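Some notes on the structure that comes next.
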Amino acid sequence: MPRIIPFLNFKLGSHVVFMGSPTRVLIASMFLIFAACSKKEPNKNDANEPKEEFLLENSKFCELREGPSSRPYDPTPPFRFTKELISKKLREDGLKGWIHGAANSYSTYTFTYRSEDPKDEMAFFKSEQFSLIGATAEVKESLKTLNRHDRVSLHGSILENQSPLVHLKVDRIEILEKYPAALKNEYKFDPSPYIERGSFEILGQVHANVSSEKLGQALIVDWKDLLIPIAVPSSLSPETKDLIRGDIIKIAVKVVTSTHSTKHFTLDDSAKQPFKIVDSMRQCHGQERVVEGYLVKFDQSPAIRTDIYAIRVEDLNGIARNFTLFPSSTDQEEFVRVFRAVGAKAKATWTESAFPTLVIRNFSAKKDIRVKANGRINVVSSEQANAQIYLDAPENVTFSELK
């Protein structure tokens, strides 16, 4: 078990810092939320026949080396609470946690519950995300007032809908603490033309890979302005079970209507090519690279205790990944020195810039601030929110404004 670095008694960008063999890692706890990154809508032949135009080669970033990728030690494998624990808390004192995502445009709300064991130094990573369903009109209206990081207490029950992504039927919701600096997102993409077709093909990025021994597997795919949950047929599970956040995939999707007239999505195993990995994040791990993109910032929040800066790399298909700027040194003093120096350089450039700030989901971006970092890419955990670019010195990263 890796140990937490004692001098860093704060979470970094929803991350906690580890040291251990084979490498130090930043781990993230994130899950289902609709994205606010506005991208170009697909070209359409008509309203009911959307047509995607993309070149797979434009989304190949990691696969620059030959041979299979090695799988590093994962200190935070996926975690699930027992059904009995969650049900008991929902019935009695309330299930206390944080809103992870709130997308009123799509009537989608997600909630994070974390282990409350004060003696467990890994409690932060023992978390699970749940989809919230309002049981009454009053609860549905309350959900519309919530934002990411609001702390709430839920009463209700587990909705038995046979989904690997657990849904909670909320009878009552108590707002314990509002997050004062919530970012406001706009959701502009309308998926209805695709849904009306009954089946469609998309190029997207894995946001989460959810699995249950009893209920099967589902992929949460970052596509356009939203995250779309897609059930995986058992016939395709061997091919998709090892996918991690950040993997770029091309998939065939089929729309399924349940007995309650709710539309769901599944991988279409009848398609000629239902699934293809376009770019694997694991291939990036350990690569010495020059990473270039624009500057993004994760603000201090209940999940992180300091602002965190990263490079956002966007490919020609409009798919973007974040690479957090992070020191490579295992020496405590050197680590702190580089971390503070890099943060100070990024903050100064951000603050002095007159360019507009763009809100993208739970972070902000300044597309006109270009970042170039020379370091080593780190991708260790399937729960990692972002890859990291490890820097040997502050001079290994530069910031410049487009004129």
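Numbering follows our numbering, in which position 319 of the sequence shown is assigned residue number 319; successive positions increment by one, without gaps.
Beta carbons are placed, not taken as given, at the ideal position from N, Cα and C, and that holds for glycine.
Since this is a predicted model, take the numbers as computed values, not measurements.
Is it buried or exposed for residue i, if we count other Cβ within 10 angstroms and need 16 for buried?
{"i": "residue 166", "result": "buried"}
{"i": "residue 346", "result": "buried"}
{"i": "residue 354", "result": "exposed"}
{"i": "residue 41", "result": "Low confidence applies to residue 41: its pLDDT is 39, below 50, so where it sits in the model is not reliable enough to give any reading."}
{"i": "residue 180", "result": "exposed"}
{"i": "residue 152", "result": "buried"}
{"i": "residue 9", "result": "Reliability of the predicted coordinates at residue 9 is poor, the pLDDT of 29 falling under 50, and no value is obtained from them."}
{"i": "residue 223", "result": "buried"}
{"i": "residue 273", "result": "exposed"}
{"i": "residue 24", "result": "At residue 24, the pLDDT of 32 sits below 50, so the modelled position is not reliable; the number obtained from the coordinates is stated separately. Buried."}
{"i": "residue 236", "result": "buried"}
{"i": "residue 47", "result": "Low confidence applies to residue 47: its pLDDT is 44, below 50, so where it sits in the model is not reliable, and the reading given next is rough at best. Classification for residue 47: exposed."}
{"i": "residue 331", "result": "exposed"}
{"i": "residue 95", "result": "buried"}
{"i": "residue 229", "result": "buried"}
{"i": "residue 328", "result": "buried"}
{"i": "residue 402", "result": "exposed"}
{"i": "residue 340", "result": "exposed"}
{"i": "residue 348", "result": "exposed"}
{"i": "residue 399", "result": "buried"}
{"i": "residue 93", "result": "exposed"}
{"i": "residue 268", "result": "buried"}
Per DSSP, which residues does residue i bridge with? Please list them.
{"i": "residue 151", "result": "98 and 177"}
{"i": "residue 291", "result": "373"}
{"i": "residue 216", "result": "212"}
{"i": "residue 366", "result": "295"}
{"i": "residue 397", "result": "373"}
{"i": "residue 160", "result": "Residue 160 pairs with nothing; no bridge assigned."}
{"i": "residue 448", "result": "Residue 448 cannot be examined here, being either before or after the span of the chain that is shown, 1 to 403."}
{"i": "residue 194", "result": "Paired residue(s): none; residue 194 is not in a bridge."}
{"i": "residue 80", "result": "The partner list for residue 80 (beta bridge, DSSP) is empty, contrary to what the question assumes."}
{"i": "residue 184", "result": "Note: residue 184 sits in no beta bridge, so no partner."}
Going by DSSP, what residue range makes up the beta strand (DSSP E) through residue i?
{"i": "residue 251", "result": "248-257"}
{"i": "residue 201", "result": "199-212"}
{"i": "residue 305", "result": "Looking at the DSSP string, residue 305 is not in any beta strand (DSSP E), and its letter there is neither H nor E."}
{"i": "residue 266", "result": "263-267"}
{"i": "residue 393", "result": "No beta strand (DSSP E) contains residue 393, which DSSP labels as neither H nor E."}
{"i": "residue 226", "result": "226-232"}
{"i": "residue 55", "result": "Segment: none, residue 55 is in no beta strand (DSSP E) and carries neither H nor E."}
{"i": "residue 325", "result": "320-327"}
{"i": "residue 244", "result": "Element bounds for residue 244: n/a, residue is neither H nor E."}
{"i": "residue 286", "result": "Premise fails: residue 286 is in no beta strand (DSSP E) and is neither H nor E."}
{"i": "residue 107", "result": "Note, residue 107: premise wrong, no beta strand (DSSP E); not H, not E."}
{"i": "residue 359", "result": "358-360"}
{"i": "residue 131", "result": "127-134"}
Thinking C-beta only, is residue j closer than 8 Å to residue i?
{"i": "residue 209", "j": "residue 382", "result": "yes"}
{"i": "residue 369", "j": "residue 326", "result": "no"}
{"i": "residue 169", "j": "residue 159", "result": "yes"}
{"i": "residue 379", "j": "residue 289", "result": "no"}
{"i": "residue 175", "j": "residue 287", "result": "no"}
{"i": "residue 323", "j": "residue 313", "result": "yes"}
{"i": "residue 220", "j": "residue 227", "result": "yes"}
{"i": "residue 278", "j": "residue 265", "result": "no"}
{"i": "residue 250", "j": "residue 276", "result": "yes"}
{"i": "residue 216", "j": "residue 232", "result": "yes"}
{"i": "residue 438", "j": "residue 303", "result": "Outside the displayed range of the chain (1 to 403) lies residue 438, so it cannot be described from this structure."}
{"i": "residue 386", "j": "residue 320", "result": "no"}
{"i": "residue 294", "j": "residue 184", "result": "no"}
{"i": "residue 128", "j": "residue 80", "result": "yes"}
{"i": "residue 131", "j": "residue 110", "result": "yes"}
{"i": "residue 373", "j": "residue 397", "result": "yes"}
{"i": "residue 195", "j": "residue 255", "result": "yes"}
{"i": "residue 135", "j": "residue 171", "result": "yes"}
{"i": "residue 280", "j": "residue 62", "result": "yes"}
{"i": "residue 59", "j": "residue 248", "result": "yes"}
Since residue i is in the alpha helix (DSSP H), which residue starts that stretch and which ends it?
{"i": "residue 339", "result": "332-352"}
{"i": "residue 276", "result": "Careful: residue 276 lies outside any alpha helix (DSSP H), inside the beta strand (DSSP E) at 275-279."}
{"i": "residue 87", "result": "83-91"}
{"i": "residue 143", "result": "137-143"}
{"i": "residue 240", "result": "237-240"}
Under the criterion of a Cβ to heavy atom distance below 7 Å, does residue i qualify as lining the ligand MN?
{"i": "residue 116", "result": "Absent from the structure shown: the ligand MN. Ligands present: none."}
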